[in-house]
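In the working numbering, the protein residues as written are 15 to 374. Structure, as structure tokens:
Below, the structure written as structure tokens:
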């Protein structure tokens with residue numbers, strides 16, 4: 015996980031997800047169905063894919079620093095917990111000490127049913143990632159060509175194969191089409207459309223937790239406490255895209271409200287401001303596919319309209335704090351953007367339940 019506002023690991027992971035052939039050419043087999051930032055059995059997985067021919071999982075640990083003991087222990091734990099898998103460790107570089115420790119470990123663990131690859135990055139990769147990290151967030155994706163220019167970007171340093179080449183696993187390499195009677199499938203299909211239509215909004219590239227009882231897809235808006243939410247059909251039988259503001263970020267909401275007419279002109283004529291939400295709400299189309307297209311169209315305009323302010327490329331009118339000053343209050347600490355957007359918080363859920371009860 016990146017720290018101090020740095021997204022270098024995230025940027026590299028998204029780039030590899032969007033360029034699966036690069037991984038396939040490096041590893042020597044076809045890698046498909048790549049997803050980012052998953053938790054499997056309480057373990058954090060940077061990148062997960064599938065060896066298409068052998069139908070076994072490919073689990074990738076991404077490190078943009080020099081390989082070290084801490085990551086070595088993490089990778090060994092991954093190997094021990096993910097039998098019948100391909101484990102890939104990508105790092106800036108590997109010194110002889112780490113290589114020797116890996117070789118000795120594999121010599122004493124011959125029964126581990128795992129194929130392993132240690133891959134070093136091109137020597138200029140970190141400099142390019144730092145350049146991308148400093149860019150306006152919506153410009154990063156279109157500048158991925160800077161990484162493609164590094165040849166080769168990935169260099170295999172160590173290979174340890176302990177599975178028979180003809181071994182075949184049981185992973186489904188051809189996922190079933192979405193079942194729109196299942197809420198979680200609706201949200202997954204909607205997310206796929208958003209990724210294809212707005213690939214430069216990097217938060218879309220991460221898988222979201224799905225809840226069969228929640229029809230709303232949530233995604234980090236670029237700042238803690240500011241969240242994009244959308245639904246193809248909510249409990250009110252409405253489709254919508256909205257930007258939600260936590261109570262601690264109400265001054266942001268008020269600042270956007272002060273330029274309401276400008277945002278309505280640039281984003282959508284039906285843009286509404288209400289209860290710390292800014293959104294567009296409409297009757298669902300004749301099919302889910304058409305509704306997804308409309309949501310993506312609105313979402314794109316909202317991202318393009320709000321992001322310059324959220325990422326501080328453009329200045330909003332000065333925000334006046336809505337917190338009373340005649341009594342002591344705890345001021346929330348502003349945290350850096352969370353690269354892993356999550357589902358709605360308990361607080362948001364309770365607010366919506368309250369509103370729902372009041373409208374019944």
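Virtual Cβ for every residue (Gly too), placed ideally from N, Cα, C. This structure is a prediction, so every number in the text was calculated from the model and none was measured.
- Considering only 114, 162, 229, the residue with the shortest C-alpha distance to residue 174 is 114.
- Taking C-beta atoms as the reference points, residue 292 and residue 256 count as a pair closer than 8 Å.
- For the pair of segments examined, the region 71-85 was found to touch the region 23-36: the number of CB pairs separated by less than 8 Å reaches three.
- Here residue 138 carries a coil assignment [DSSP, helix/strand/coil].
- Note: residue 172 is bridge-paired with 132 in the DSSP secondary-structure output.
- Taking the Cβ atoms as the reference, residue 154 lies roughly 33 Å from residue 116, outside the contact range of under 8 Å.
- With fewer than 16 neighbouring CB atoms inside 10 Å of its own CB, residue 195 falls in the exposed class.
- Nearest in C-alpha terms to residue 326, of all of 169, 152, 186, 205, is 152.
- According to DSSP, residue pairing for residue 255 in a beta bridge involves 244, 294.
- Counting C-beta atoms within 10 angstroms of its own C-beta, residue 182 has fewer than 16 neighbours from the protein chains shown and is therefore classed as exposed.
- Membership of residue 239 in any alpha helix (DSSP H) is not indicated, and neither H nor E is assigned to it by DSSP.
- Residue 243 counts as buried, since at least 16 other C-beta atoms from the protein chains shown sit within 10 angstroms of its C-beta.
- Annotation: the region 184-241 contains the following complete segments of the alpha helix (DSSP H) (minimum length 4 residues), in chain order: 197-211.
- Selection 203, 318, 202 evaluated against residue 235 yields 318 as nearest (Cα-Cα).
- Scanning its chain for C-beta atoms nearer than 7 Å, with the 5 sequence neighbours on each side dropped, one finds around residue 323 the residues 330, in chain order.
- Restricting attention to 99, 135, 163, the CA atom closest to the CA of residue 129 is found in 99.
- By the neighbour-count criterion, in which a residue is buried when 16 or more other Cβ atoms sit within 10 angstroms of its Cβ, residue 219 is buried.
- In the three-state reduction of the DSSP assignment, residue 51 falls in the strand class, which pools E and B.
- A residue is called buried when at least 16 other Cβ atoms come within 10 angstroms of its Cβ; residue 96 meets this threshold and is buried.
- Shown here, residue 308 sits in a helix according to DSSP, grouped into three states.
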